[in-house]
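Notes follow once the structure below has been shown.
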Amino acid sequence: MKYILYILAIALAVFTYTVFQSQQSLQSVQTDANQHSAFAGSDIGGPFKLVTHTGITVDENDFSKQFKLIYFGFTYCPSICPTELQKMAEAYDALPTKIQKDLQMLFITVDPERDTVPVMKEYVALFHPNLIGLTGSVEQVSEAMDNFRVYAAKVPSETGKSDDYLVDHSSFLYLMSPKNKILDVFKVDTSSEEMREKIERIYHSY
Ligand code: NI
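Residues 321 to 526 in this note's numbering are what the sequence shown spells out, letter by letter.
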């Protein structure tokens, strides 16, 4: 009799645990779905006034006829930025010509002190002839970063020199509509093929 009670108690415990676990995973799936759909219609993005890698001052209205793919990073970034810019260029190249014409790739620096116009010019050329690099004063750049909720913080190197540092920063690719509304956000784990597919789908349903 005692045995049976033991077994029942264990079975009940296992059952309760399983139910608890499946509810937890269901909850996290729902949270993910909410977060994903929350991008569209959220207030990520906003006005900016910056300088292109050819030295022209522009704002968000200069790109109001096009969709935008926007990435924030810095040219001295050892790994994430080059990878993400490469991925953006790959996705862009895989798009039909018509969509390419309606889509502008922008790279906004989070490190305007070192990423001057000539530095940006040299850097964007490494990735794509249609990629526009944007820099500006520290104030201009931080306004753009705030509007896109971009996080960035200098990490000093061991040399202790003031111009020797890395920048720890958030890494998202923002897909913006011609009216500068956020349409989607691509993360580091989004492949270029996934990006291309989503951009095409969003473009055709816009
Ligand atoms: Ni980076």
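Cβ atoms here follow ideal geometry from the backbone N, Cα and C, with glycine treated the same way. Because the structure is a prediction, the values reported are computed rather than measured.
Nearest CA to the CA of V430: which residue from A464, P416, F387 and S497?
A464
What does a CB cutoff of less than 8 Å around D320 pick up in its chain, not counting 5 residues either side in sequence?
With the chain running from 321 to 526 in the structure shown, residue 320 is simply not present.
Please name the residue or residues paired with V475 in a DSSP beta bridge.
When DSSP reads this structure, V475 sits in a beta bridge with L486.
Mark G480 as exposed unless 16 or more other C-beta atoms lie within 10 angstroms of its C-beta, in which case mark it buried.
It is exposed - the Cβ of G480 has fewer than 16 other Cβ atoms within 10 Å.
Is A472 near V487, with beta carbons less than 7 Å apart?
yes
Any heavy atom of the ligand NI closer than 6 Å to the beta-carbon of I428?
No, the beta carbon of I428 sits no closer than 6 Å to any heavy atom of the ligand NI.
Contacting residues, own chain, Cβ-Cβ under 7 Å from Q420 (five flanking each side not counted):
Y412
Please look up how many angstroms separate the CB atoms of D363 and F387, rounded, as I've assumed it's under 8 Å.
18 Å between Cβ atoms; not a contact.
How would you call K407, buried or exposed, if buried means at least 16 neighbouring beta carbons within 10 angstroms?
buried
Under a three-way DSSP split, which group does V430 fall into?
coil
Run through DSSP, which three-state label would Q559 get?
With the chain running from 321 to 526 in the structure shown, residue 559 is simply not present.
Can you tell me where the beta strand (DSSP E) holding T455 begins and where it ends?
Bounds of the beta strand (DSSP E) holding T455 are L451 to T455.
First and last residue of the beta strand (DSSP E) that includes K369?
K369 to T372
Within 7 Å, strictly: CB atoms of I452 and L493
no
Can I400 be considered in contact with the ligand NI, in the sense that its beta carbon sits closer than 6 Å to one or more heavy atoms?
yes
Does the distance between the C-beta of G365 and the nearest non-hydrogen atom of the ligand NI fall short of 6 Å?
no
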